[in-house]
Amino acid sequence: MSTIDFKEVQRFKTWWAWLGVAALNGLFMYAIVQQIFLGTPFGPKPAPDFVLILVELFLLLLFIFLVTIKLKTRITDAGIYYRFIPFQFKETCIEWHELKDAYIRQYNSLLEYGGWGIRTGSAKTGKAINTSASSNKGLQLQFNDNKLLLIGTGRPDEIQLILDAVIASGKRNRGV
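Those letters in the sequence shown? Residues 19 to 194, by this note's numbering.
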């Protein structure tokens, strides 16, 4: 008996978001050093010291938040499991018998779903969970009630092999 065991962890890799947070972080660190430690007001209308510190704390929390974002996907004999950290506290399990179809497809996150993360598209595209613009491939799931869920992946070829193995194992006779 073959065992199916696929694991993928994707991290948030949208470079422009990282660049924006890093630039703002650098600017406010400079402002704090300039105004609080060197005693020179930052800008023509300097913000109070506590405001600079609060904004910097917010930016540091935003940086930590971006570091923690990850999409974990597992595919086994039992089904497909996913967890989008830090938004989901528990792993979600989709058993093979719940699915009418599963396949790899190319998608445009911005046009079809309005961006990245946990997104709801139209009735035609369903929901999506994806982490970045670095990949435009996803595992499209069609449930028995015809609802759709797309899980982004950076390893579509490996998932296709898994789907082929599921069909060969007899876990799914139709669709998957």
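Just so it is clear, CB atoms sit at the ideal spot from N, CA and C, and this is done for glycine as well. Just so you know, these numbers come straight off a predicted model, no measurement behind them.
Residues near residue i in its chain [Cβ-Cβ closer than 6 angstroms; skip 5 each side]
i: R192; result: Note that R192 scores a pLDDT of 48, beneath 50, so its modelled location is shaky and nothing firm can be said.
i: P174; result: I122, K155
i: T110; result: Y100
i: T138; result: K145
i: V73; result: F46
i: I98; result: I112
i: T143; result: E130
Reduced DSSP secondary structure (H/G/I, E/B, other) of residue i
i: I177; result: helix
i: F40; result: Rather than Phe, the amino acid found at residue 40 in this sequence is Ala. Looking at A40 - three-state DSSP - the assignment turns out to be helix.
i: F105; result: coil
i: F46; result: helix
i: A120; result: strand
i: I22; result: coil
i: R192; result: With a pLDDT of only 48 at R192, under 50, the local geometry of the prediction cannot be trusted, and the value read off the model is given with reservation. Correct three-state label for R192: coil.
i: R29; result: strand
Range of the contiguous beta strand (DSSP E) that encloses residue i
i: L128; result: From DSSP, L128 is part of no beta strand (DSSP E); its letter is neither H nor E.
i: N148; result: 145-148
i: I136; result: 135-138
i: Q158; result: 155-161
i: G170; result: 166-171
i: T110; result: 110-113
Nonlocal neighbours in the same chain, by C-beta distance under 8 angstroms from residue i, ignoring five residues either side
i: T6; result: The structure shown does not extend to residue 6, since the chain is modelled only from 19 through 194, so no value can be given for it.
i: L70; result: F46, A49, I50, Q53, I54, F60
i: I180; result: I22, F24, I93
Cutoff 7 angstroms; reference residue i; Cβ partners in own chain excluding five residues on either side
i: M19; result: With a pLDDT of 46 at M19, under the threshold of 50, the predicted position of this residue should be treated as unreliable, and no value is reported.
i: Y125; result: N154, G156, L168
Anticipated Cβ contact below 8 angstroms, residue i with residue j, distance rounded
i: D67; j: I22; result: Not quite, the Cβ-Cβ distance comes to about 57 angstroms (not below 8 angstroms), so this is no contact.
i: L79; j: F30; result: Wrong, their Cβ atoms sit about 15 angstroms apart, outside the cutoff.
i: T91; j: T171; result: 7 angstroms
i: F81; j: V27; result: Not a contact, Cβ separation roughly 19 angstroms.
i: L75; j: N43; result: At roughly 11 angstroms, the Cβ-Cβ gap does not stay under 8 angstroms, so L75 and N43 are not in contact.
Test: residue i CB closer than 7 angstroms to a CB of chain B
i: L166; result: Included in the structure is just one protein chain, with no chain B present.
Alpha helix (DSSP H) runs wholly inside the segment 48-101, at least 4 long, in chain order: Segments of the alpha helix (DSSP H) lying fully in the segment 48-101: 67-86.
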